[in-house]
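Okay, so here's the structure we're looking at.
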Amino acid sequence: MGWRILGYILLALLALLVIAFLYFRTPDTDPVAMRAKYGAAPSQFVDLGNGLTVHLRDTGPRDAPAMILVHGSNASLHTWEPWAQRLGTRFRIIRMDLPGHGLTGASPTRDYSTAAYVDVVDRIRARLGVDHVVLAGNSMGGGVAWAYALAHPDHVRALVLIDSVGQPEPGNGKPPLAFRIARLPVLREIAAVVTPRSLIAGSLPGVFHDPRLADAAMIDRYWELLRYPGNRLATIDRFAGPPAVATAAQLHRLTMPVLLLWGADDTLIPVSSATWLHAHIPGSRLIVYPHTGHLVMEEAADRSANDVLHFLSAPRG
Numbered sequence: 352m353g354w355r356i357l358g359y360i361l362l363a364l365l366a367l368l369v370i371a372f373l374y375f376r377t378p379d380t381d382p383v384a385m386r387a388k389y390g391a392a393p394s395q396f397v398d399l400g401n402g403l404t405v406h407l408r409d410t411g412p413r414d415a416p417a418m419i420l421v422h423g424s425n426a427s428l429h430t431w432e433p434w435a436q437r438l439g440t441r442f443r444i445i446r447m448d449l450p451g452h453g454l455t456g457a458s459p460t461r462d463y464s465t466a467a468y469v470d471v472v473d474r475i476r477a478r479l480g481v482d483h484v485v486l487a488g489n490s491m492g493g494g495v496a497w498a499y500a501l502a503h504p505d506h507v508r509a510l511v512l513i514d515s516v517g518q519p520e521p522g523n524g525k526p527p528l529a530f531r532i533a534r535l536p537v538l539r540e541i542a543a544v545v546t547p548r549s550l551i552a553g554s555l556p557g558v559f560h561d562p563r564l565a566d567a568a569m570i571d572r573y574w575e576l577l578r579y580p581g582n583r584l585a586t587i588d589r590f591a592g593p594p595a596v597a598t599a600a601q602l603h604r605l606t607m608p609v610l611l612l613w614g615a616d617d618t619l620i621p622v623s624s625a626t627w628l629h630a631h632i633p634g635s636r637l638i639v640y641p642h643t644g645h646l647v648m649e650e651a652a653d654r655s656a657n658d659v660l661h662f663l664s665a666p667r668g
């Protein structure tokens, strides 16, 4: 009798878990609706072959110097809108949603490594017929940018790293919760379908010094694009992989002009990482913005865009 009661209890708990799962489950967004909302002109959807179509924007004068902008983890090309507005008359601005992000959606190969992203950026560069570029990246996109510069130095005339990954984690550091979840089979499956808006509303303001910058429209955009078909599983896949870290030897190979821009109040990648990168990249310049968080190009748009212009126009010895 005792075993039968225990069985009933277990069945009841299982039923409660199923009900809770169905109640909290957040469905994917509708791709047609998302393209209408976030993919209007000047957006393009470019077929790069092998089943991959990338959402990108290519704006500015065709004969101007080209600037490729690479967003960070769980962001999209929209994060660069402040720079596109401020630099778009002086540069041809190219920005994309990396696979697993935004309106590009999942990669057909499920490869979200830095090397795979470097390949996508290079295919976009070649497809658009651009030879030499100023390459800028934020956070995860910074890791893609310096890795691209190492792999294709002849195509990069200058490199701009904004609150970038790169410094190795301490050997005794504990991985963030999201990375630990990504390695647990049951929890990772739940995380791929349970994504309440409150999760974004509770975390996104923290990337800014002024949390009010994460307004309702921004929270909606992050939440809706995260739920674009394939993006949540792609996020889990990406978190399960190794982080993008640089070695001193690699960074010493960056011979093009390098500008580091950092928010003094970045709680995701602190200024100590900026100092480490600056110390290992020969001739690099570092600018730290007070009262600024992780997204310098959004929170200090005027100052950072002007600093980029001054850096690129400065004579080289």
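Numbering (the working numbering), first residue to last: 352 to 668. Yeah, the Cβ is synthetic: ideal placement off N, Cα and C, and Gly gets one too. In this text, all values refer to a predicted model and were calculated from it rather than measured experimentally.
For the segment 377-435, which segments carrying the beta strand (DSSP E) assignment without a break, of at least 3 residues, lie completely within its bounds, in sequence order? 394-400, 403-410, 417-421
In its own chain, which residues sit with a C-beta less than 7 Å from the C-beta of Leu403, not counting the 5 before and 5 after it? Pro450, Ser458, Pro459
Unbroken beta strand (DSSP E) run spanning Leu605, endpoints: Note, Leu605: premise wrong, no beta strand (DSSP E); not H, not E.
In three-state DSSP terms, what is His629? helix
Using DSSP bridges, identify the partner residues of Arg443. Ala417
Classify His563 as buried or exposed, calling it buried when 16 or more other Cβ atoms lie within 10 Å of its own Cβ. It should be noted that the sequence gives Arg, not His, for residue 563. Arg563 should be labelled exposed.
Could you please give the first and the last residue of the uninterrupted beta strand (DSSP E) stretch that includes Arg508? 507-513
Sort out for me which residues DSSP pairs Trp613 with in a bridge. Val639
Cβ shell of His452 (< 6 Å), same chain only, five flanking positions each side left out: Ser427
For Leu512 and chain E, any beta-carbon pair shorter than 8 Å? Chain labels in this structure do not include chain E; a single protein chain is all it has.
Leu486: first and last residue of the uninterrupted beta strand (DSSP E) it sits in: 484-489
Pop quiz: Asn582 and Gly492 are said to be a contact at Cβ under 8 Å. What is the actual Cβ separation, rounded to whole angstroms? Asn582 to Gly492, Cβ: 16 Å. No contact.
Can you look up His645 in the DSSP assignment and give me helix, strand or coil? coil
Of the listed residues Arg441, Trp627, Ser424, Asp462, nearest to Asn401 (C-alpha basis): Asp462
Could you check the C-alpha separation between Asp702 and Pro504 for me, to the nearest Å? Not covered by the structure: residue 702. The range shown for the chain is 352 to 668.
Do Arg441 and Leu660 come within 8 Å of each other at the CB atom, strictly closer than that value? yes
According to DSSP, is Gly492 helix, strand or coil? helix
DSSP bridge partner residues for His452 (one or two, in chain order): Gly456
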